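First to last, the protein sequences are chains P and E. Note that the working numbering has the first sequence beginning at 126, numbered continuously upward. Note that the working numbering has the second sequence beginning at 29, numbered continuously upward. Positions of the beta carbon are idealized from the N, C-alpha and C atoms, including for glycine. All values reported here derive from a predicted model rather than from experimental measurement. Inspection log for the structure reproduced underneath, given as structure tokens.
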Amino acid sequence: MTFVKPTFRHPALTKNAVGFTKADYEGALSTLCAGCGHDSISASIVQACYELDIEPHRVAKFSGIGCSSKTPTYFLGNSHGFNTVHGRMPSVTTGANLANKDLIYLGVSGDGDSASIGLGQFCHVIRRNLNMTYIVMNNGCYGLTKGQDSATADRGSINKSGVENRFQSIDLAALALELGASFVARSFSGDKGQLIPLIKAALLHPGFAFIDVISPCVTFNNNDGSTKSYDFVRDHIDATSPLDFVPEEDEITLEYDPEKPAEVKLHDGSILNFYKLNPLWDPTDRNLSVERMNKARQEGHILTGLLYLEPSTSDLHKTLQTTAKPLNTLKEDDLCPGSQALDKINQGLR
Amino acid sequence: MSKPVRVNDMVIRFANVNGTGSASANDLFSKAVFRMGIPLSSKNFFPSNIQGLPTWYEVRVSEKGYTGRRNGVDLLVAVNPQTYAKDIATVVPGGYFLYDSTKNLHPELIRKDINYIGIPMMKLCMENYDIPRQQQLFKNIVYIGALATLLDVEMEVIRDIIRQMFAKKEKLIPPNFKALDLGANYVKENFSWPLEIRLERRDALGDQIFMDGNSAASLGALYGGVTFAAWYPITPSTSVISAFEKYCKKYRTNPDGTTNYAIVQAEDELAAIGMVIGASWNGARAFTSTSGAGISLMTEFLGLAYFAEVPAVIVNVQRGGPSTGMPTRTQQSDIISCAYASHGDTKQVLLFPSTPAECFEMTAQALDLAERLQTPVLVMTDLDLGMNLHLSPALKWDDNRKYDRGKVLNRQQLEEAKQFGRYLDVDGDGICYRTLPGTHPTKGSFFTRGTSRDEFARYTEEGEAYVRNMQRLQKKWKTAADLVPAPEVTRTGTSKLGVIYFGTTKFSADEALDMLAEEGMKFDVLRIKAFPFGGDVHKFIKDHEQVVVIEQNRDAQMRTVLMTELEIDPAKLISVVNYDGMPIAADTIYDQIKKRLSPIAVKA
Ligand SMILES: Cc1ncc(C[n+]2csc(CCOP(=O)(O)OP(=O)(O)O)c2C)c(N)n1
Ligand code: SF4
Ligand SMILES: [Mg+2]
């Protein structure tokens, strides 16, 4: 079934700075199960893009295969999207990004899509520091194929049929850190207050930005004993710090009163404020981040928030030294050496 | 020696050890023959190894212009004792075995019906060069000097090539000249020369060039406007990308050091084709090159590109399969796996070049076709064409040529369009209009997917919508048949017998057909240049009583595809195949055609 939303817009819907209402960032009606965490993440993506005043057509969205990978249909309906094949979203996004450096690239994936079949591409897109936002909607299972354990299911977690997972889990955020990702965060689909600013910061980050979002599967992995259920996550969450995203042009206003926020300036001048829970916390220190994450893991806590950020980073285009013009705008004159050069080449082959 | 003199007609084979620098010395010899204006072909038979295993290099010289292989070696340059026994067996009676006589030949290696020419190559080098690596490298030049003298190659031509080779390292020129002279003088002092097989300057080559198909394909990508290449190393396709990179550095680098191209060495072939699809989807011309196992890995993505209708260009330099097969030997054995690459009802457009000039032209053309048809296009070359030096027409480019970017709506067209449906067949040719991300703030966006969808790119599982889409893709396939290069038909109308071949089979097949014609067996010939086949292929088969299909794989794959696609009676198509990994030889084709054709047909 294809659902088409009514296009009627309430006049009261306010337009953002680029003239779009929030509805302009929505997509088709979701066909996911009611209560699926993935839908909340879609909503956060909509809100983040609306608030960031991004023109929808400047975003290109990508996904693999899975319930999570279906979501690009349900957000940013005015953006081009590409639902690729299982586990291969990173490569398609890499090619697209290299073709046109001027768009914003947003990829969404599932834990099956990224931690199993697509683990190789996940690692390599990080190594290349592709300028993209990569969101994993992490439910610890394969939703679309009816709930098998995924590689992010925690050891000891119990699935819906009561079977305990006996295998070590892969922590994608830890792996991303290890592989040198320049932006690593973890969040929870149910915590929009934290997730929206993270998505905004990720979208503006000039390199690879990874967000592992725990996103419970209400149908197959929300049972007692599952470490990816709503209840378990709510009980074990440990935020690195509340955070708040301040666009460049806005005044820095603080909503509540910490001693002093830790500021991270993003490349475009925007500022990400951290309200430190821990005075030693510094999200730009990779070693500290790794330590902190390991500790939380040992203690059975789910550490969320911005885990690591390298504010000035150099993406794949910079590494390859591609021209300032998007490659897809280059014409015959820029590209074809012409017949005289070919005659010379011919001459060299005689 | 009073045998009749035979000019410009011979097969010379060099038997070397891999990694000893022999390849460039052997190329030097080929190039000298080329510069003397004599038709030739050269083929490298190398192992999947970096150092130490045997490797062969064969040069066919043919005044008549036959550049395919023929069996039998007239002169063998034996520099690898490991393979002496095997090598001696390949020499034709009356032929020559030139070897390093620093060590004596074992008596068992003596054949009465061939001639032995011993040159103490290593000894000469030890006496004249101090450094061991030099002794080894100049040994190669010593045998070139000896061989050139025996065959009457113009020494000045060789010296010229050496001067050019070392234009930037002039210091190396005198010791190379010295090595040449060591070989030449030894021959002059110890043997009668030249031999009765010898070379004589001709002016038979016109403006032809001598080049490998992989470099030519890479130039096709460069001229055809590729801005992005993704790849994963695999023999024999690797040099397509390394040549592309070399040319891009030269022709696509801006004065400020930035580049008008990007190349990514991917983590595997899945990622390589995925990247190409992503870039093509986003409006850049992109290509990849692969072989063997790489094609297998790409098939899931090829299905996506077929079904979601995204352009992609793949240069498949075919090698011996199945599996890792014979990775350094040639075959045309990916016909079926590429024609129907991926699960479901999938068909892929294939182009079949025969010469480096066609590798160039067809790669450029593939970029146009892929964008026009919004589908993958595979350029099906092979190891022989890709990695060996071939005589070829010069590469040509018309400066007025514009890239055909296909049906892509720009902002203004979207503004003016009454409606946009990504999969609406507006023109009735099965090809729909696409848009690129970022074109228009409110119009023309759509969701690309490998799942079934309706004309407006909306997900659907309705059987009717699915069937409509599959039928439209079938219509597009018919359109493709009109757009791809038409087959080349030669020797028309003289016979009830036909021959069909494609790719590198052309050269030895033409020679075999001349041999048969001399015996009164005449054939009309069709060279397939593309899949889908189009009406001309069907008509050709219909117009002949029997048609021989010559190809380089075990299972007669092209014959199978012809049968199924054109509904041909199997009895009508006679198969001639060679699949030992060596380029098919003229004598093989000649023998098989004589054996396989029914006597009745032959009489007609
Ligand atoms: C090559 C391939 N193998 C298997 C599948 C079947 N498949 C579809 S979705 C999926 C798992 C999805 O899991 P995940 O990425 O975690 O997404 P979720 O549904 O949990 O959001 C699998 C195995 C496929 N589409 N392609
Ligand atoms: S099966 Fe699970 S992941 Fe899929 S839509 Fe339902 S709740 Fe979400
Ligand atoms: Mg999952």
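Checklist entry - Are the C-beta of A221(P) and some C-beta of chain E separated by less than 9 angstroms? => result As a working mapping, residue 221(P) is identified with position 96 in the first sequence. Yes, contact with chain E.
Item to check | Whether H400(E) touches K435(E) by CB criterion (9 angstroms) | outcome: Your numbering for residue 400(E) matches position 372 in the second sequence. Your numbering for residue 435(E) matches position 407 in the second sequence. Rather than His, the amino acid found at residue 400(E) in this sequence is Arg. Yes; because the gap between Cβ atoms is below 9 angstroms, this pair is in contact.
Checklist entry - Hey, is the stretch 208-221 of chain E in contact with the stretch 232-245 of chain E, meaning 3+ C-beta pairs nearer than 8 angstroms? => result Verdict: no, contact absent.
Next on the checklist: Cβ closer than 8 angstroms: which chain P residues qualify as neighbours of D296(E)?
Outcome noted: Here residue 296(E) corresponds to residue number 268 of the second sequence, with the count starting at 1. Residues of chain P whose Cβ lies closer than 8 angstroms to the Cβ of D296(E) are, in chain order, G245.
Next on the checklist: Buried or exposed for P121(E), going by 16 or more other Cβ atoms inside 10 Å?
Outcome noted: On the second sequence, residue 121(E) is found 93 positions in, with the first residue counted as 1. Exposed is the call here.
Checklist entry - How should K645(E) be labelled, buried or exposed, when 16 other C-beta atoms within 10 angstroms of its C-beta is the threshold for buried? => result In the structure displayed, chain E extends from 29 to 632; residue 645(E) sits before or after that span and is not available.
Next on the checklist: Using only the alpha-carbon positions, how far apart do L402(P) and T476(E) sit?
Outcome noted: Locating residue 402(P) in the first sequence gives position 277, counting from the first residue. Locating residue 476(E) in the second sequence gives position 448, counting from the first residue. Since pLDDT at L402(P) reaches only 46, below the 50 mark, its modelled position is unreliable, and the value read off the structure follows with that caveat. Straight-line measurement puts the Cα of T476(E) at about 44 angstroms from the Cα of L402(P).
Item to check | chain E contact for A466(P) (CB, 9 angstroms cutoff) | outcome: Residue numbering aside, residue 466(P) sits at position 341 when the first sequence is read from its first letter. So yes, A466(P) belongs to the interface.
Checklist entry - F256(E): buried (16+ other C-beta within 10 angstroms of its C-beta) or exposed? => result To locate residue 256(E), count along the second sequence from 1; it is residue 228. Residue burial annotation: F256(E) is buried, with at least 16 other C-beta atoms found within 10 angstroms of its C-beta.
Next on the checklist: Which residue wins for smallest C-alpha separation from D410(P), given the options L431(P), S354(P), S275(P)?
Outcome noted: Here the question's residue 410(P) lines up with position 285 in the first sequence. When only C-alpha atoms are compared, the closest one is L431(P).
Checklist entry - Would you report the Cα separation of C174(P) and M262(P), rounded to the nearest angstrom? => result As a first step, residue 174(P) is located in the first sequence; it is residue number 49 there, counting from the start. As a first step, residue 262(P) is located in the first sequence; it is residue number 137 there, counting from the start. C-alpha of C174(P) to C-alpha of M262(P): approximately 18 angstroms in a straight line.
Checklist entry - Residues of chain P with CB under 8 angstroms from W425(E), in chain order? => result In the second sequence, the residue the question calls residue 425(E) occupies position 397. Those within 8 angstroms of W425(E) in chain P are C461, G463, S464, L467.
Checklist entry - Is the distance from the Cβ of S188(P) to the Cβ of T209(P) below 9 angstroms? => result As a working mapping, residue 188(P) is identified with position 63 in the first sequence. As a working mapping, residue 209(P) is identified with position 84 in the first sequence. Taking the C-beta atoms as reference points, T209(P) is found nearer than 9 angstroms to S188(P).
Item to check | Buried versus exposed call for Q620(E) [16 or more other C-beta atoms within 10 Å across all chains shown] | outcome: Working through the second sequence from its first residue, we reach residue 620(E) at position 592. The C-beta of Q620(E) has 16 or more other C-beta atoms within 10 Å across all chains shown, which makes the residue buried.
Item to check | Q393(E) in three-state terms, based on DSSP | outcome: Your numbering for residue 393(E) matches position 365 in the second sequence. The answer is helix: DSSP assigns Q393(E) an H, G or I state.
Item to check | Proximity of I569(E) and I602(E) at Cβ, strictly below 9 angstroms | outcome: Counting from one through the second sequence, the residue named residue 569(E) turns up at place 541. Counting from one through the second sequence, the residue named residue 602(E) turns up at place 574. Contact check for I569(E) against I602(E) fails: the beta carbons are separated by 9 angstroms or more.
Item to check | Residue from A142(P), G162(P), E151(P), A298(P) with nearest C-alpha to D356(P) | outcome: The sequence position of residue 356(P) within the first sequence is 231, counting from 1. Looking at the Cα atoms, G162(P) is the closest of the given residues.
Checklist entry - For M610(E), does the three-state DSSP call read helix, strand or coil? => result Against the second sequence, residue 610(E) aligns to sequence position 582. M610(E) falls in the coil class under three-state DSSP.
Checklist entry - With distances taken between CB atoms, is the gap from I242(P) to H211(P) smaller than 9 angstroms? => result Walking along the first sequence from the start, residue 242(P) turns up at place 117. Walking along the first sequence from the start, residue 211(P) turns up at place 86. Cβ atoms of I242(P) and H211(P): closer than 9 angstroms.
Next on the checklist: Looking at chain E, is there any beta carbon in it that lies within less than 9 angstroms of the beta carbon of G235(P)?
Outcome noted: Your numbering for residue 235(P) matches position 110 in the first sequence. For G235(P), the answer is no, since every Cβ of chain E falls outside 9 angstroms of its Cβ.
Next on the checklist: Quick check on the DSSP output: the alpha helix (DSSP H) that includes W309(E) runs from which residue to which?
Outcome noted: Here residue 309(E) corresponds to residue number 281 of the second sequence, with the count starting at 1. Run containing W309(E): 297-309, per the alpha helix (DSSP H) assignment.
Checklist entry - Residues in the stretch 289-313 of chain E with C-beta within 9 angstroms of chain P's C-beta atoms, listed in sequence order? => result Those would be Y289, A290, I291, V292, A294, E295, D296, L298, A299, A300, I301, G302, M303, V304, I305, G306, A307, S308, W309, N310, G311, A312, R313, in chain order.
Checklist entry - Beta carbon of M636(E), beta carbon of R229(E): below 9 angstroms? => result Outside the shown range of chain E, which is 29 to 632, sits residue 636(E), and nothing can be said about it.
Checklist entry - Ends of the alpha helix (DSSP H) at V61(E)? => result In the second sequence, counting from the first residue as 1, residue 61(E) sits at position 33. Segment 50-63, the alpha helix (DSSP H) holding V61(E).
Checklist entry - So is P202(E) buried or exposed if we call it buried at 16+ other beta carbons inside 10 Å? => result In the second sequence, the residue the question calls residue 202(E) occupies position 174. That one is exposed.
Checklist entry - What's the gap between the Cα of T130(E) and the Cα of L200(E)? => result Indexing the second sequence from 1 puts residue 130(E) at position 102. Indexing the second sequence from 1 puts residue 200(E) at position 172. CA-to-CA, the gap between T130(E) and L200(E) works out to about 25 angstroms.
Next on the checklist: For a test of the three-state rule: what should DSSP assign to S414(P), helix, strand or coil?
Outcome noted: Taking the first residue of the first sequence as position 1, residue 414(P) is located at position 289. Three-state result, S414(P): helix.
Checklist entry - Within this structure, are the beta carbons of K424(E) and E386(E) separated by less than 9 angstroms? => result By 1-based counting over the second sequence, the position of residue 424(E) is 396. By 1-based counting over the second sequence, the position of residue 386(E) is 358. No, these two residues do not count as a Cβ contact at 9 angstroms.
Next on the checklist: Going by DSSP in three states, W259(E) sits in which element: helix, strand or coil?
Outcome noted: Within the second sequence, residue 259(E) is the residue found at index 231, counting from 1. Strand, per DSSP.
Checklist entry - Among the residues of its own chain, which have a CB less than 7 angstroms from the CB of L304(P), if the five just before and after it don't count? => result As a position in the first sequence, residue 304(P) is number 179, starting the count at 1. Hits under 7 angstroms: C248, I251, R252.
Next on the checklist: Check whether the stretch 272-290 of chain E and the stretch 355-367 of chain E are in contact - that is, three or more C-beta pairs closer than 8 angstroms.
Outcome noted: No, because fewer than three Cβ pairs between the stretch 272-290 of chain E and the stretch 355-367 of chain E fall closer than 8 angstroms, the two stretches do not touch.
Item to check | Whole beta strand (DSSP E) elements within the stretch 521-576 of chain E, 3-residue minimum | outcome: Taking only runs of at least 3 residues, the beta strand (DSSP E) segments lying wholly in the stretch 521-576 of chain E are 525-530, 552-556.
Next on the checklist: Please list, in chain order, the chain E residues whose beta carbon lies closer than 7 angstroms to that of N141(P).
Outcome noted: Taking the first residue of the first sequence as 1, we reach residue 141(P) at position 16. Correct list: empty, because the minimum Cβ distance to chain E is about 13 angstroms.
Checklist entry - With 16 as the cutoff for other CB atoms within 10 Å, does R34(E) come out buried or exposed? => result Position 6 of the second sequence, counting from 1, holds the residue named residue 34(E). With fewer than 16 other Cβ atoms within 10 Å, it is exposed.
Checklist entry - Would you say A306(P) reaches chain E, if we count a Cβ-Cβ gap shorter than 9 angstroms as a contact? => result Position 181 of the first sequence, counted from the start, is the residue given in the question as residue 306(P). No, A306(P) lies away from the interface with chain E (no Cβ there is under 9 angstroms from its Cβ).
Checklist entry - Can you name the residues that DSSP bridges to A224(P)? => result As a first step, residue 224(P) must be located in the first sequence, where it is residue number 99. BP columns for A224(P) are empty, so no partner.
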